[in-house]
Amino acid sequence: MQQKKDRPLSESLAEEGIISAEQLKRAKEEERRSGTRLRKALVKLGFISEEDLVAFMSEKMGIPRVELDNYLIDSKIVELVPEELARKYELMPVLKIGNRLTCAMVDPWNVFALDELRSKSGLIVEPAIATEGEIKQALTEHYGTRGSMDELVKEMDKKKFGDRSEKEGADSEGGESDGAVVIKIVNSVIMNALRQGASDIHIEPEDDKLNIRFRVDGILHEASSPPKYLQSAFISRIKIMANLDIAEKRIPQDGRFTMRMEAREIDIRVSSFPTINGENVVLRLLDTANLIMSPRKLGFSEEVLKKYSSMITKPHGIILVTGPTGSGKTTTIYASLSEINSVEKNVITIEDPVEYKIEGIRQTQVNPKVNLTFANGLRSILRQDPDIIMVGEIRDLETLEIAIHAALTGHLVFSTLHTNDAPGAVTRMVDMGAEPFLISSAVIGILAQRLVRTVCPECKKDYKPSGEELKETGMFIRGQKGDIIFYKGTGCKRCMGTGYKGRIGIYELMPITGEIKDLTVKKSPAEEIRKTAVSQGMRGLKEDGIAKIEEGLTTIEEVLRVTQKD
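Its first residue numbered -8, the sequence shown is counted upward by one per residue in the numbering used here.
Now the structure itself:
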């Protein structure tokens, strides 16, 4: 990039009428008098705000604008640039892709800074622009005290926070320096959760301590927690980020905010709930980079994938995905919608809440305050000329009847239902009050699913299972004891000693065949429907889990953990 001089910038500002000739003259006099750069002189004299100046430089001179307040910067990126160099040239590394390092700078045309950066990092440097205030705040947050929670807490004035907690309820974040450290601690917790692949952060006040736990691969693990005296300031900071009322602690509140980590946008949903020890807060981390956008990547067997792909390409009917909370139902439906969405189709959803935004799909969130329920929303969607409809969950008879009506009038409808297995969904709909003959006519397929953790590839070892383990899965009865190599993780740094890394789905797909329709109309029990479905080739959840064990993807313990209650 060619170096830009202050004179062209100043002339551009004058030509655009942003500053007057007189103001430019005074700024140059201040530049000579104080030795500061002209850009800083313009801001110092109040002729233009720093934000407006940065926006002008970005637009007119083609420099990317980086808003550092919205970035979560990985410590590994920070380590690429020495602190002395970052402070010397007022810059902050924010992103590394391949051998290219993007740095936010106050002066992106400083060739001396760019040359030294290239020399120190060994990378191609791509400059971006940020305000001086943003750079200084980022330098304080990321270079001031990097390290463990204990190191961050050392910066706090314990006595001052203790007094504030008692006298003011600690609704504020403290003084300017203490407030910056609270921000740093909150960012550190979120960053650590993202590094570990957590889906949720649980902030749990106890009588004498504040607990933080991360849900990783469906299991909660303890994490580093700030001391009890920071509880109110810590939670207040999160509530401020989510635009919640920090003074209101008696009722539950919900909010959300967005942060960036490198090139990834992280949508964070916040839920606060009052308890006797203070507000319990849960953060749901929705990482768009981890959204699976194709059923082929979900873990379907070839046979199930073929049947399911045939279902989702039908012009009309209801496809239900069932399972408990956290079993991946929404991900499956999102992947399905992404697979079949095209410019020729109008796809509309009504969800609670909208978890991920999908391009080309009209998504709506339930809002009980204005009576926008699943039923009312679905009724209105039918007047929007849809081809495909997604209803987040069928909770009541009214929603179910409208969904059935939509399917019978030529729409493809996706929805979820909380049942343990696929056959149970049929009896659940009958119990809700829907006419059996309408259910049999509208529903074309039911998919039940669970998520099992996969064996960590870094510490994966083969082992010999006990006879009891084999009996519990039914594998011994099948006479396959000596034919399969079993694996488990021994525990390593990558999997945090759990032996597991990542998750995969196990599935039970039940097409609504003629025989199943007859049983539905007769209001047959779920067990009878299951027997018929199995005789027609349906593989149950446990059987699909066993297939994943045979492939070396998961363990006997994992399959039993998610299926033993079924």
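All C-beta atoms in this analysis are idealised placements derived from N, C-alpha and C, irrespective of residue type, glycine included. Values in this document were obtained by computation on a predicted structure and should not be read as measured data.
Whose CA, out of Val102, Gly209, Leu532, Pro344, lies closest to the CA of Ile437? Locating residue 437 in the sequence shown gives position 446, where the first residue counts as 1. Checked all of Val102, Gly209, Leu532, Pro344; the closest Cα to Ile437 is Leu532.
Helix, strand or coil for Ala121? Go by DSSP, reduced to three states. Your numbering for residue 121 matches position 130 in the sequence shown. The answer is coil: DSSP assigns Ala121 none of H, G, I, E or B.
Helix, strand or coil for Lys158? Go by DSSP, reduced to three states. To locate residue 158, count along the sequence shown from 1; it is residue 167. Caution applies to Lys158, whose pLDDT of 38 falls short of 50 and renders its modelled position unreliable; the value that the coordinates give is listed next. Helix, per DSSP.
Which runs of the beta strand (DSSP E) spanning at least 3 residues fall entirely within the region 57 to 92, listed in chain order? The qualifying runs are 82 to 88.
Would DSSP call Ala46 helix, strand or coil? The residue given as residue 46 occupies position 55 in the sequence shown. Here Ala46 sits in helix by DSSP.
Note down, in chain order, each residue of its chain lying with its Cβ closer than 8 Å to the Cβ of Asp199, except the 5 sequence neighbours on either side. Here the question's residue 199 lines up with position 208 in the sequence shown. If you ignore the 5 residues before and after Asp199, its C-beta comes within less than 8 Å of the C-beta of Lys219, all in its own chain and listed in chain order.
Where are the alpha helix (DSSP H) runs, 4 residues long or more, that stay fully inside the region 426 to 480, in chain order? The alpha helix (DSSP H) runs lying completely inside the region 426 to 480 and spanning 4 residues or more are 427 to 433, 458 to 464, given in chain order.
Three-way DSSP call (helix, strand, coil) for Ser40 in this model: Residue mapping note: residue 40 aligns to position 49 of the sequence shown, counting from 1. In the displayed model, Ser40 falls within coil according to three-state DSSP, outside both helix and strand.
Apart from the five residues on each side of it in sequence, which residues of its chain come closer than 6 Å, Cβ to Cβ, to Glu449? On the sequence shown, position 458 is the one that residue 449 refers to. Answer for Glu449: Cys483, Arg485, listed in chain order.
How is the beta strand (DSSP E) around Asn271 delimited, first residue to last? For the purposes of this step, residue 271 is taken as the residue at position 280 of the sequence shown. It spans 269 to 278 - the beta strand (DSSP E) in which Asn271 sits, taken as one unbroken run.
Hey, does Thr545 have any beta-carbon neighbour from chain B nearer than 8 Å? In summary, chain B is missing from the structure at hand, where a single protein chain is found.
Cβ distance (whole Å) where Pro99 is taken to contact Ile126 below 8 Å: For this step, residue 99 is matched to residue 108 along the sequence shown. For this step, residue 126 is matched to residue 135 along the sequence shown. In this structure, Pro99 and Ile126 do not form a Cβ contact; the two beta carbons are roughly 11 Å apart against a cut-off of 8 Å.
Return the CA-CA distance between Thr445 and Met48, expressed in angstroms with no decimal places. As a first step, residue 445 is located in the sequence shown; it is residue number 454 there, counting from the start. As a first step, residue 48 is located in the sequence shown; it is residue number 57 there, counting from the start. Put simply, the backbone Cα of Thr445 is about 49 Å away from that of Met48.
Straight-line gap, Leu544 to Leu461 (C-alpha atoms, nearest Å): Start at 1 with the first residue of the sequence shown, and residue 544 comes out as number 553. Start at 1 with the first residue of the sequence shown, and residue 461 comes out as number 470. A direct Cα-Cα distance of roughly 17 Å separates Leu544 from Leu461.
Taking 7 Å as the limit between beta carbons, can you name the residues of its chain near Arg17, skipping five residues before and five after? For the purposes of this step, residue 17 is taken as residue 26 along the sequence shown, with counting starting at 1. These residues qualify, in order along the chain: Leu36.
If you measure between the beta carbons of Glu50 and Ala32, is that distance less than 8 Å? What you label residue 50 is simply residue 59 of the sequence shown in a count that begins at 1. What you label residue 32 is simply residue 41 of the sequence shown in a count that begins at 1. Cβ atoms of Glu50 and Ala32: not closer than 8 Å.
Quick check: the Cα distance between Thr131 and Leu82, rounded to an integer number of angstroms? As a working mapping, residue 131 is identified with position 140 in the sequence shown. As a working mapping, residue 82 is identified with position 91 in the sequence shown. CA-CA distance, Thr131 to Leu82, rounds to 12 Å.
Could you name the residues that DSSP lists as bridge partners for Arg260? By 1-based counting over the sequence shown, the position of residue 260 is 269. Paired residue(s): Arg247, Arg275.
Unbroken beta strand (DSSP E) runs of length 3 or more, entirely within the region 479 to 503: which are they? DSSP runs (the beta strand (DSSP E)) wholly in the region 479 to 503: 491 to 502.
The alpha helix (DSSP H) with Ser406 in it runs from where to where? Along the sequence shown, one-based indexing puts residue 406 at 415. Counting along the chain, no alpha helix (DSSP H) covers Ser406; the unbroken beta strand (DSSP E) around it starts and ends at 403 to 408.
6 Å CB neighbourhood of Ile303 in its chain, flanking five on each side removed: As a working note, residue 303 is residue 312 in the sequence shown. Counting only residues of its own chain and dropping the five nearest sequence neighbours on each side, Ile303 has a CB closer than 6 Å to the CB of Ser327, Ile331.
Within 10 angstroms of its Cβ, does Asp535 collect 16 or more other Cβ (buried), or is it exposed? Locating residue 535 in the sequence shown gives position 544, where the first residue counts as 1. Buried.
Does DSSP classify Asp191 as helix, strand or coil? The residue labelled residue 191 in the question sits at position 200 within the sequence shown. Reduced to three states, the DSSP call for Asp191 is strand.
Any idea if Ala238 is buried or exposed, counting beta-carbon neighbours within 10 angstroms, 16 or more meaning buried? Your numbering for residue 238 matches position 247 in the sequence shown. Its Cβ having fewer than 16 others within 10 Å, Ala238 is exposed.
Using CA coordinates, which residue listed in Arg204, Ala224, Arg206, Ala214 is at the minimum distance from Leu170? To locate residue 170, count along the sequence shown from 1; it is residue 179. Looking at the sequence itself, residue 170 is Gly, so the reference to Leu does not match. Across the set Arg204, Ala224, Arg206, Ala214, the C-alpha of Ala224 shows the shortest separation from the C-alpha of Gly170.
With a CB to CB cut of under 6 Å and the five nearest residues on each side skipped, what residues in its chain are close to Val72? Position 81 of the sequence shown, counted from the first residue, corresponds to residue 72. Cβ-Cβ distances below 6 Å link Val72 to Pro84 in the same chain, with the five nearest sequence neighbours on each side left out; the list follows chain order.
Measuring only the C-alpha atoms, how far is Asp245 from Tyr454? Translated into the one-based positions of the sequence shown, residue 245 becomes position 254. Translated into the one-based positions of the sequence shown, residue 454 becomes position 463. C-alpha separation (whole angstroms): 46 Å.
Please state whether the Cβ-Cβ distance between Ile229 and Val261 is less than 8 Å. Within the sequence shown, residue 229 is the residue found at index 238, counting from 1. Within the sequence shown, residue 261 is the residue found at index 270, counting from 1. Yes.
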